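Contents: one structure, followed by commentary.
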Amino acid sequence: MDDLQRIPKRPTWALLAVLALLCGCSAEQTVQYDLPKSLCGVPVTRTVIEPLFPPGKDLTQTGGALTDGQDQSSCSYLVDGNTVLSLSDQRYQEKLAARDVLAKTVPGSQAKEITVSSSGRIATYRGHAVGVADCSGVPSDVEGEEARTYALTVGVGNPHNWQEAQTKLTKFTRAFLGAAAKADGC
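Each residue of the sequence shown is one higher than the last, beginning at 152 in the numbering used here.
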């Protein structure tokens with residue numbers, strides 16, 4: 152019996168602590184909510200939006216629909232109360248490139264951080280992407296002037312990796328822009 156009391160207990164407790172940590176980390180977080188079949192009223196496939204939605208339990212949408220026919224619309228998606236995706240659109244009278252639209256919201260000193268792709272149709276900056284498409288035949292504002300540019304702005308909540316977020320946003324915007332523009336009458 153005296154031999155059992157001489158066995159060091161600290162290594163045993165250390166081993167148990169490590170095992171408990173490993174067991175706790177092995178359970179991956181999963182998406183427990185249903186992904187929407189449309190974003191802000193625009194039909195979309197699961198494969199297009201899946202990379203933008205993180206693990207969590209509850210998904211909530213706020214705001215209106217991009218298909219409401221207004222010159223400006225927006226909506227957001229929250230997972231467990233945190234904004235993970237926001238979308239807005241606007242029609243412009245001028246012919247604009249994506250950089251032009253994004254530069255309206257980026258401080259001048261940081262404009263050099265804007266990255267442009269897709270022949271100027273998509274621009275990204277710190278967790279935001281703007282995609283532009285040609286638009287005609289619908290009013291751009293309350294004055295009824297004809298629109299020439301449709302712009303879709305997409306933002307993600309605080310990503311851990313900005314570069315990875317910009318890659319996902321560019322891919323998403325490239326896939327979603329045409330459907331959003333068409334749904335809004337462009």
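Here a beta-carbon is modelled for each residue, glycine too, at the ideal position from N, C-alpha and C. Just so you know, these numbers come straight off a predicted model, no measurement behind them.
The closest CA to that of residue 199, considering only 337, 336, 330, 335, is found on 330. Around the CB of residue 250, 16 or more other CB atoms lie within 10 Å, so the residue is classed as buried.
Three or more beta-carbon pairs drawn from the stretch 188 to 195 and the stretch 216 to 236 are found closer than 8 Å, and the two stretches are therefore classed as touching.
Excluding its 5 nearest sequence neighbours in each direction, residue 245 has C-beta neighbours in its own chain below 7 Å: 299, 300, listed in chain order. Non-local beta-carbon contacts of residue 211 in its own chain, meaning distances under 6 Å to residues more than five positions away in sequence, involve 229 in chain order.
Counting only residues of its own chain and dropping the five nearest sequence neighbours on each side, residue 266 has a CB closer than 6 Å to the CB of 275. Secondary structure of residue 298 (DSSP, three-state): coil.
Out of 184, 334, 196, 215, the CA that lies nearest to the CA of residue 225 is found in 215. In its chain, beyond the 5 residues on either side, 241 have a beta carbon closer than 6 Å to the beta carbon of residue 223. In this structure, the beta-carbon distance from residue 278 to residue 310 falls below 7 Å.
Excluding five sequence positions before and after residue 286, the CB atoms of its chain that fall closer than 7 Å to its own CB belong to 242, 298, 299, 300, 301, 332, 337, given in chain order.
When DSSP reads this structure, residue 233 sits in a beta bridge with 230. When secondary structure is reduced to three states using DSSP, residue 253 falls in the helix class.
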